[in-house]
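There are 2 protein chains.
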Amino acid sequence: MKKVRIALDAMGGDNAPFAPCRSLEFIRTDHEIEVYAVGDDAQMRKILAGRPVHGVTLIHCARSIQMGEKVNRRLLHDDETSMSRVLTMVKRGEVDCALSAGNTAGFVGLAITRLGLIEGVDRPAIAITLPTVTGGRMLLLDVGANVNAKPRQLLQYGLMGRCTARKILGISQPRVGLLNIGEEQEKGDDLRREAYQMLAAAHGATFVGNIEGQELLTGKADVVVTDGFTGNVVLKASEGVARSFRTLLRREILKNIRGRIGAFLLSRNFRDFARRIDYAEYGGGILLGVNGTVIVSHGRSSARAIHHAMLLGRKAVRERLLEELTLSLAQG
Amino acid sequence: MKKVRIALDAMGGDNAPFAPCRSLEFIRTDHEIEVYAVGDDAQMRKILAGRPVHGVTLIHCARSIQMGEKVNRRLLHDDETSMSRVLTMVKRGEVDCALSAGNTAGFVGLAITRLGLIEGVDRPAIAITLPTVTGGRMLLLDVGANVNAKPRQLLQYGLMGRCTARKILGISQPRVGLLNIGEEQEKGDDLRREAYQMLAAAHGATFVGNIEGQELLTGKADVVVTDGFTGNVVLKASEGVARSFRTLLRREILKNIRGRIGAFLLSRNFRDFARRIDYAEYGGGILLGVNGTVIVSHGRSSARAIHHAMLLGRKAVRERLLEELTLSLAQG
Numbered sequence: 128m129k130k131v132r133i134a135l136d137a138m139g140g141d142n143a144p145f146a147p148c149r150s151l152e153f154i155r156t157d158h159e160i161e162v163y164a165v166g167d168d169a170q171m172r173k174i175l176a177g178r179p180v181h182g183v184t185l186i187h188c189a190r191s192i193q194m195g196e197k198v199n200r201r202l203l204h205d206d207e208t209s210m211s212r213v214l215t216m217v218k219r220g221e222v223d224c225a226l227s228a229g230n231t232a233g234f235v236g237l238a239i240t241r242l243g244l245i246e247g248v249d250r251p252a253i254a255i256t257l258p259t260v261t262g263g264r265m266l267l268l269d270v271g272a273n274v275n276a277k278p279r280q281l282l283q284y285g286l287m288g289r290c291t292a293r294k295i296l297g298i299s300q301p302r303v304g305l306l307n308i309g310e311e312q313e314k315g316d317d318l319r320r321e322a323y324q325m326l327a328a329a330h331g332a333t334f335v336g337n338i339e340g341q342e343l344l345t346g347k348a349d350v351v352v353t354d355g356f357t358g359n360v361v362l363k364a365s366e367g368v369a370r371s372f373r374t375l376l377r378r379e380i381l382k383n384i385r386g387r388i389g390a391f392l393l394s395r396n397f398r399d400f401a402r403r404i405d406y407a408e409y410g411g412g413i414l415l416g417v418n419g420t421v422i423v424s425h426g427r428s429s430a431r432a433i434h435h436a437m438l439l440g441r442k443a444v445r446e447r448l449l450e451e452l453t454l455s456l457a458q459g
Numbered sequence: 128m129k130k131v132r133i134a135l136d137a138m139g140g141d142n143a144p145f146a147p148c149r150s151l152e153f154i155r156t157d158h159e160i161e162v163y164a165v166g167d168d169a170q171m172r173k174i175l176a177g178r179p180v181h182g183v184t185l186i187h188c189a190r191s192i193q194m195g196e197k198v199n200r201r202l203l204h205d206d207e208t209s210m211s212r213v214l215t216m217v218k219r220g221e222v223d224c225a226l227s228a229g230n231t232a233g234f235v236g237l238a239i240t241r242l243g244l245i246e247g248v249d250r251p252a253i254a255i256t257l258p259t260v261t262g263g264r265m266l267l268l269d270v271g272a273n274v275n276a277k278p279r280q281l282l283q284y285g286l287m288g289r290c291t292a293r294k295i296l297g298i299s300q301p302r303v304g305l306l307n308i309g310e311e312q313e314k315g316d317d318l319r320r321e322a323y324q325m326l327a328a329a330h331g332a333t334f335v336g337n338i339e340g341q342e343l344l345t346g347k348a349d350v351v352v353t354d355g356f357t358g359n360v361v362l363k364a365s366e367g368v369a370r371s372f373r374t375l376l377r378r379e380i381l382k383n384i385r386g387r388i389g390a391f392l393l394s395r396n397f398r399d400f401a402r403r404i405d406y407a408e409y410g411g412g413i414l415l416g417v418n419g420t421v422i423v424s425h426g427r428s429s430a431r432a433i434h435h436a437m438l439l440g441r442k443a444v445r446e447r448l449l450e451e452l453t454l455s456l457a458q459g
């Protein structure tokens, strides 16, 4: 099969360029990806230090966008940053997919200006997959592309989420829900009440109505739609709770000798478990609605997480997600 | 010391009247509370079945508000529901505190109409305490009283949260933060940007700025302010993650014999831990801003959780939280 070509922003992320460069070492020939790592050549070479990397081309680019940098017109018009370069490569058809763990607002803004939006989409959304307690996966969107969402945009997220759940999660009839503060349809603020009606009309029987926070990971819905402010806070709070849970558990376990022996016996089970719930393992979100395949990784991504994000990009390309979205949104 | 008198809505909650009635059995004489349980006399007596309960008076009330019931004018004007009765008892000075685990929107609406608001407050907020990884506690508000909040109201939540952290958590100089999607002050939607300025001006050095979702339980802020929609979703999602975490952990542990032995050795540590992170153990939220002491319990509250909510009510009364809020908000 033809290799999937990915342009990686080697300078994006809290741990960049270290984590993106080290992620290259995870690539095996059977992954069938070809990576173009865009960043400071000297820094990239120093980190790689002659280690063998398969199917990787380094592309020098001196400028990069900083994590906390404010997104303004100047930044969006600068073609010489690593973030802008990876998107331009997608635009020109030089690669199939762009990936960055850098400044999210910057990457989203640049993706809109460089690639444009697909027809029928007002604003893009970032969709991520999360594990459910039933052993499956679900899709949450938007987790931070657009913080002032309109009802009509939540409707579009539902349509895009449905395509994505089909293609990426392999669910033939995804059930769509609206993140809200109660079951009844009149619950929530003005945004939710209007979006509820629109989603119900568009999805018919596959709309499962409101999903409360505690139901997010129960598998009640395959696609959960929300505005980018709520989605971002909920995602990060969930990560925080999972992390505190681990910290507190460790502390409780190590407080007596019985606990220490138990923990020793359980060490392998704990490791498997921690991996299952670690969001970093899931790599990244897909930026839906722009006219190109774009993967947005978490700023705190490890090398392994970025590698997983590449495999997510490969999946999106192989499954022709963009074509499906374009077709589906044009139909309305 | 004088006993604290609490009016309990025995008909409110998913498990009512069972859970509220059974909560009465946890009351010991040294708790120094006197409870007036308002509800259907026959049902309450049947559940209690002659079990000894200290310092409890049953008050018959035939009508109650259902969990999913829509809050309308008729419901708010009905004086003969158990929920309305407990609030009227506070208003008349017959008790010091009202408590319900019933329909939250109904209880908040009734509390506003029956008790009125304290000066300087536009809308009340529900504040709950959560455990932090550093072993302390923090206060999150609003978790669902007001879903369409204005910047000025977030400012008021900050002031009320500060008083509450002083009185209930015993923190002399509480640090106040704003729940947001990034550290920088220009982050977030319009509501957050305006609220940020107001909170910074009001709290000076004790304002610690934006708190991201993953920092909620780290102890970085003692009081975290947000709108009722976001607060409710975040709280419930956190509960959901904690619950899925337990489910997945149990499944991983029991999958092999080594794990089973380890789990047996760890059983006591696990129990202590589960109790620490179980939100139900924390009992309830305080409805801040109304002119009376009102405790709002989680709809899914167990008998033990409702009992803990009573003790929270006692604390609020003993610490004269209402007087402190009234004084502090009048000063602005």
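In the order they appear, the protein sequences are chains V and P. Just so we're on the same page, the numbering used here is the position in the first sequence counted from 1, plus 127. Just so we're on the same page, the numbering used here is the position in the second sequence counted from 1, plus 127. C-beta: ideal position from N, C-alpha, C; glycine also. No experiment lies behind these values; they were computed from the predicted model shown.
Beta-carbon spacing of residue i, residue j below 8 Å
i, j, result
"Ala348 of chain P", "Gly285 of chain P", "no"
"Leu318 of chain P", "Gly340 of chain V", "no"
"Leu268 of chain V", "Leu257 of chain V", "no"
"Leu281 of chain P", "Leu343 of chain P", "no"
"Ala164 of chain P", "Ala137 of chain P", "yes"
"Gly166 of chain P", "Ala228 of chain P", "no"
"Val417 of chain P", "Leu242 of chain P", "yes"
"Asp223 of chain P", "Val162 of chain P", "no"
"Val217 of chain V", "Gly419 of chain V", "yes"
"Met265 of chain P", "Gly315 of chain P", "no"
"Gly247 of chain V", "Val198 of chain V", "no"
"Leu448 of chain V", "Lys294 of chain V", "yes"
"Phe356 of chain P", "Ile308 of chain V", "yes"
"Gln193 of chain P", "Asn230 of chain P", "yes"
"Val350 of chain P", "Leu306 of chain P", "no"
"Ala430 of chain V", "Ser150 of chain V", "yes"
"Leu392 of chain P", "Arg395 of chain V", "no"
"Val360 of chain P", "Ala369 of chain V", "no"
"Leu214 of chain V", "Ala176 of chain V", "no"
"Ala252 of chain V", "Asn273 of chain V", "yes"
"Ser424 of chain P", "Leu244 of chain P", "no"
Beta-ladder partner(s) of residue i, from DSSP
i, result
"Met265 of chain V", "V:Leu257"
"Thr420 of chain P", "P:Cys224"
"Asn337 of chain P", "P:Leu305"
"Ile245 of chain P", "None, per the DSSP bridge assignment."
"Ala252 of chain V", "V:Leu415"
Per-residue burial, residue i [other beta carbons within 10 Å of its own, 16 or more giving buried]
i, result
"Ser371 of chain P", "buried"
"Gln300 of chain P", "exposed"
"Gln283 of chain V", "buried"
"Ala254 of chain P", "buried"
"Met128 of chain V", "exposed"
"Gly233 of chain V", "buried"
"Ala328 of chain V", "exposed"
"Arg302 of chain P", "buried"
"Thr261 of chain P", "exposed"
"Gly195 of chain P", "exposed"
"Ala457 of chain P", "exposed"
"Gly440 of chain V", "buried"
"Gly297 of chain V", "exposed"
"Pro144 of chain V", "buried"
"Ser374 of chain P", "Note that residue 374 of chain P is Thr in the sequence shown here, rather than Ser. Answer is exposed; the Cβ neighbour count stays below 16."
"Asp157 of chain P", "exposed"
Simplified DSSP assignment, three categories, for residue i
i, result
"Cys188 of chain P", "coil"
"Leu381 of chain V", "coil"
"Ala432 of chain V", "helix"
"Gly426 of chain P", "coil"
"Ile298 of chain V", "coil"
"Gly386 of chain P", "helix"
"Ala348 of chain P", "coil"
"Val131 of chain V", "strand"
"Gln312 of chain V", "coil"
"Glu446 of chain P", "coil"
"Gly271 of chain P", "coil"
"Asn230 of chain P", "coil"
"Lys277 of chain V", "coil"
Item checked: Whole runs of the beta strand (DSSP E) within the region 135-220 of chain V, excluding any shorter than 3 residues -> 160-166, 183-187
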